[in-house]
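Note sheet for the following structure.
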């Protein structure tokens, strides 16, 4: 009897929508000359919910999401988790299921709404690049509103 080894490559049939996979190594880029696809490919090791390890040829969309969430140094991705979504997509004229990953934020300690109970004077918050940009835009709007309110208050005091 011949035993056939399961594929080491992650395929859509290996995962389900909503499942969580974990990155287990820093991955490596392969040049177009090293792949049968004729293009550069980024391969990274992942652990499935079953505990099985596979190599994923991560698509560029998922790569961009991971860079946005965790930075472009893939060593920092080890141990990070992704939620899987399978989407039908046209690949070279054929509709195929494609695996997309969505980074899951690291667990953070809940901060009480009443900050007066905080024991330290500093709080550290981890944000994705997108969240940091949104926060900066919001703070800029708040600053502009406060400056406008101060000018309005000063104008009222001058008139009085």
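Numbering (our numbering), first residue to last: 392 to 551.
Even glycine gets a Cβ: it sits at the ideal position worked out from N, Cα and C.
- Sequence-distant Cβ neighbours of residue 405 in its own chain, meaning closer than 7 Å and more than five residues away, are 439 and 445.
- In the DSSP assignment, residue 413 falls within the unbroken beta strand (DSSP E) covering 411–414.
- Nearest to residue 448 by alpha-carbon distance, out of 419, 465 and 524, is 419.
- Rounded to the nearest angstrom, the gap between the Cα atoms of residue 490 and residue 521 is 23 Å.
- Per the coordinates, the alpha-carbon of residue 411 lies some 6 Å from the alpha-carbon of residue 475.
- Partner residues in a beta bridge of residue 469, as assigned by DSSP, do not exist.
- Cβ-Cβ distances below 7 Å link residue 494 to 456, 457, 460, 461, 471 and 473 in the same chain, with the five nearest sequence neighbours on each side left out; the list follows chain order.
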